[in-house]
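These notes are about the structure you will find just below.
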Amino acid sequence: MKYRLLAAMALIVAPMATTTAASAAEVNVYSYRQGVLVQPLFDAFTKETGVKVNVVFAKKGLIKRLQAEGRNSPADLVFTVDIGRLAAVVNAGLAQPVKTAALEKAVPATYRDAKGLWYGLTLRARLLYTSKDRVSKGAITSYEDLADPKWRGKVCTRKGDHAYNIAMLAAYIGHYGEAKATAWLKGVKANLARKPQGNDRAQVKAIMEGVCDIAVGNHYYMALMLKNDKQKPWAASANLVFPTLAGKGTHMNVSGVMMTKHAPNKANAIKLMEFLTSKKAQGIYANVNNEYPIDPNVKASPLLESWGKFPRDTVSLDTIAKNRSAALKIVNTVGYNNGPVTN
Amino acid sequence: MTGIQASKANARTRGTRRFRPDPWAAGALVITAIVALPVLTVLGAAFFPTENIWPHLWETVLPGYIFSTLELMAGVATGTILIGVSAAWLVTACDFPGRRIFEWALVLPLAMPAYVVAYVYTDILEFAGPVQGLLRDIFGWRTVQDYWFPEIRSLGGAIVVMTMTLYPYVYLLTRSAFLEQSSGVGEAARTLGCSPWAAFRRVSLPMARPSIVVGVALVLMETLNDFGTVDFFAVQTLTTGMFNVWLVMNNTGGGAQIAVVMLVFVIFLLVAERAARRKRGYHDTSTRPRLPVRFELRGGRKALALLVCAVPILIGFVIPAGLLTSYAIEFYDVSLNNRFPQAAFNSILLAALAAAIAVMIGLFLAYAVRLRKSTLLRNLARFASLGYAVPGAVLAIGILFPFGAFDNAVDSFMRGAFGISTGLILSGTIIAILFAYVVRFLALAYGTLEAGLGRVTPHMDDAARTLKHGPAQALIKVNLPIIRGSMMTAGILIFVDCMKELPATLLLRPFNFDTLATYVYQFASDELLEECALGALTIVAAGIIPVILLTRVMGRNRPDQELSVV
């Protein structure tokens, strides 16, 4: 009786329990990016090439999965945001170099690995959102200003150990070193209006609510809020500031793609990588998610174009990746996530 | 005494002391070894880290994590005991209007994922929400500086949300214990001059204590590994800390070390639970529970009883479900697409399979422990339950590595011996997800069934054995019919929990595979409550049906029904 039940279960489970290994026309992607963001790109790719794209999406831990699966991993490509995660895959020895003329032509050298271990696909600017009513234009122009005591109780950010903030702090370390970065973060913490919480958009909402006057957030959230009826008033309450770091420019992070060391569908994976850096895909990216195209020859979305040109920070992505773990330690040492309370 | 006789006697005494490999003990050992794999993997990573950041953690954030975790646990334990036990007693021992509805409705919040409830109440109670908006309109306030309002995104908020979604564990187990108590015991207390209240306090409550303790232990373990709610409410617990170290800082050793601190918490819980249960003598010797006399509540007491039962249901279920429904209707077209039915099917199939497997394994373990009365075996079984306290994502990583190693070893062997590559057999399949569910929720099955079996007097087994029934027959013919309710309880708790499970599913699933939870998460992770309302509501609905089933099954134990005791 028990065995019959087990057999029945096995029959149900067996067909579902197949892991697709290499086969004719497909490519397997481990994606840290949500389906809603990347699916239009994959659909366009399949339509153009006939190659099917299989996806596993998770926001955490895919690198560990890749590591555990070892040389039999079905994954061909890792698709992720944040230089930290790109570097983590490289450091774990799970990436393999890819070099093609098309990739190198489309992606500027600053935004790809010298050996071809990863390629940037889009750029994301970390900006300041300031209250239209309470912060006059030009009152705050740099990341350094966030620690200025005159903004005591006025600043909102998401948690300090979120990848976006860690990368920003890592860039700060790149310019000033760890000691000054610690002092700066202490200053920012002292200026917080509340305990760090929520995502970037929630900070802008807090501006509308009058909880704070200045928030830190990625640029594309402005575009997302403007598209959402409920969130439009949040967006309307804030101005965008493209701040400078050490007088250079705005901190930029990347989203990128890389080939895994044991990719079983190498040829198709390269096709997809080249497609993602093509003018067509870059155009889709620019308009669907309002990120800055990696290819300088592709126009950003009309909204982003309307914000104008701005100087970019000069710290290299390699340096940012290297400083990440120091940055996280500083966040812990300062007790950033405890909020403005002294401790 | 002849020499032969002496050596025989000797062998017998030695035999009882030695660990005899009978099928029950051997089976329990094998199961424990397999189920403990993920936890052992985590322990290994903790004690042999590649980069040891323990000193840094200890000096900076860890004490804070531990303290707020303790605060959270204390708050949730208090809340769930208060609500769970008093509601369970009211619906079993008292009579008041709506009692029959409350009986099952009190379980409804169990179907609500805590993080969804957290989203809902943030939506309602935050500055831009309807409540504060109304207050501002009435009193003419304008900004946050003008008035004080409790911050929902806080430790207090987390305690309330978790209490309201987790109290059904205590309620269910306590109620089940009250029902399985022979009414004769309570009646005897009454004839001895006890008031209903005194009979409850002095007889029913102490007899139900093992079940209450199990319930609270389950609640606290869920509290310990909750990530969604505490992360959203920005409460710095061990779980959020561990996620940051492990998956943001990418430091496996440090993450595993925090996980070990959590395991210490769990072991403490398990020890406390065991200590509470040790004071035995709870066996009910009567085989026929009869319908006890419920005593009717009047006036103020009636109103109070109504309040005690209605408020948790309102807060834990009606309000969040209502809001989700209105969103689901409004955003119907956004949320419903062709991937939705498949996701629902996957969820239900996985959850049902996992529940069946976990209950079978849990029953096997609990019965093996009962048969052998071996402390070693009992401790092993408890160790196997540790997976419950490990947050899903960590558990997933603890599964990835041994599975990956197994797959690659088989592959290497097959390549070497036959030139065939078998690739990944377990990793990235639904077997991995099922394994994760079973490991994660085995504690529910084991705890519930151990408590259930604990209420069956061993005399029953002895009687069966004198009738020449083997252990297996005794289990099937004697114990199973009596603990049927406990088995259903365990199965349904696990089913509902699997439907809600997110982090392990996300990480272990095959390509292009969605469950309702992962489907909802796509939107929920961006705080897009409206878009994910339909999916969330489906998880809730899929949870409600078995929950109602559960109370039905348990209610059936109640009437004067012949128990099929041989």
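Read top to bottom, the protein sequences are chains A and B.
Residue numbers for the first sequence follow our numbering, so the first one is 15 and each next one is one higher.
Residue numbers for the second sequence follow our numbering, so the first one is 930 and each next one is one higher.
In this text, a Cβ means the ideal position worked out from N, Cα and C, and glycines have one as well.
All figures in this text were calculated on a predicted structure; none of them were measured in a lab.
Contact check for A/L254 and A/Y143: beta-carbon distance about 6 Å, within the 8 Å limit, so the pair qualifies. The C-alpha of A/W198 lies about 11 Å from the C-alpha of A/Y350. Contact annotation for A/T347 against chain B: T989 [CB-CB distance below 7 Å, chain order]. Listed along the chain, the chain A residues whose CB falls inside 7 Å of the CB of B/M1428 amount to none; the nearest CB is some 17 Å away. Residue pairing by DSSP puts A/T258 in a beta bridge opposite A/S156. The C-alpha of B/M1289 is placed about 10 Å away from the C-alpha of B/A1283. Here the segment 1177 to 1190 of chain B makes contact with the segment 968 to 977 of chain B; the two share three or more CB pairs at distances below 8 Å.
Look at B/F1172: its C-beta is under 9 Å from a C-beta on chain A. When the beta-carbon positions are compared, B/G1321 and B/L1463 stay at least 9 Å from each other. When C-beta atoms of the segment 1356 to 1366 of chain B are compared with those of the segment 1398 to 1408 of chain B, fewer than three pairs fall below 8 Å, so the two segments do not count as touching. Where B/K1406 is concerned, there is no enclosing alpha helix (DSSP H), because DSSP gives it neither an H nor an E. Across the set A/A120, A/K244 and A/L259, the C-alpha of A/L259 shows the shortest separation from the C-alpha of A/V329. In the pairwise beta carbon analysis, the segment 338 to 349 of chain A is classified as not touching the segment 274 to 281 of chain A: fewer than three pairs are separated by under 8 Å. Of the residues assessed, A/D57 falls on the exposed side of the cut-off, its CB having fewer than 16 other CB atoms within 10 angstroms. The Cβ neighbour count for A/P163, taken over all protein chains shown within 10 Å, is under 16; the residue is labelled exposed. If you draw a straight line from the Cα of A/L131 to the Cα of A/A109, it is about 6 Å long. The beta carbon of B/L1436 falls within 9 Å of a beta carbon belonging to chain A, placing the residue at that interface. Where B/G1157 is concerned, the enclosing alpha helix (DSSP H) starts and stops at G1157 to F1161. The C-beta of B/P1439 has 16 or more other C-beta atoms within 10 Å across all chains shown, which makes the residue buried.
Take the alpha-carbon of B/T1021 and the one of B/W1033: they are about 12 Å apart.
Pairing A/V65 with A/V43 gives a Cβ-Cβ distance that is not under 9 Å.
In the DSSP annotation of this structure, the continuous segment of the alpha helix (DSSP H) that includes B/A954 starts and ends at P952 to F976. Nearest C-alpha to B/V990 among A/V355, A/R172, A/T347 and A/G167: A/T347. For A/M266, the three-state secondary structure derived from DSSP is strand. Counting C-beta pairs closer than 8 Å gives three or more between the segment 103 to 117 of chain A and the segment 261 to 279 of chain A, which meets the contact rule. Interface criterion not met: the Cβ of A/K200 is under 9 Å from no Cβ in chain B. In this structure the segment 71 to 86 of chain A lies against the segment 1326 to 1342 of chain B, because at least three pairs of beta carbons, one per stretch, are closer than 8 Å. Within chain A, no residue has its beta carbon less than 9 Å from that of B/G1027; the closest one is some 37 Å off. A buried status is given to B/T1168, since no fewer than 16 other beta-carbon atoms sit within 10 Å of its beta-carbon. Taking 9 Å as the CB threshold, B/E1459 lines the interface with chain A.
Contacts with chain B at 9 Å (Cβ-Cβ) include A/F71. Within 10 angstroms of the beta-carbon of A/A300 lie 16 or more other beta-carbons, which makes it buried. From the listed residues B/E988, B/F1269 and B/I995, the smallest Cα separation to B/V1164 is found for B/I995.
A/N352 has a beta carbon lying within less than 9 Å of a beta carbon in chain B. Across the segment 1382 to 1406 of chain B, no CB contact with chain A closer than 7 Å is found for any residue. In the DSSP assignment, A/K74 falls outside any alpha helix (DSSP H) and carries neither an H nor an E.
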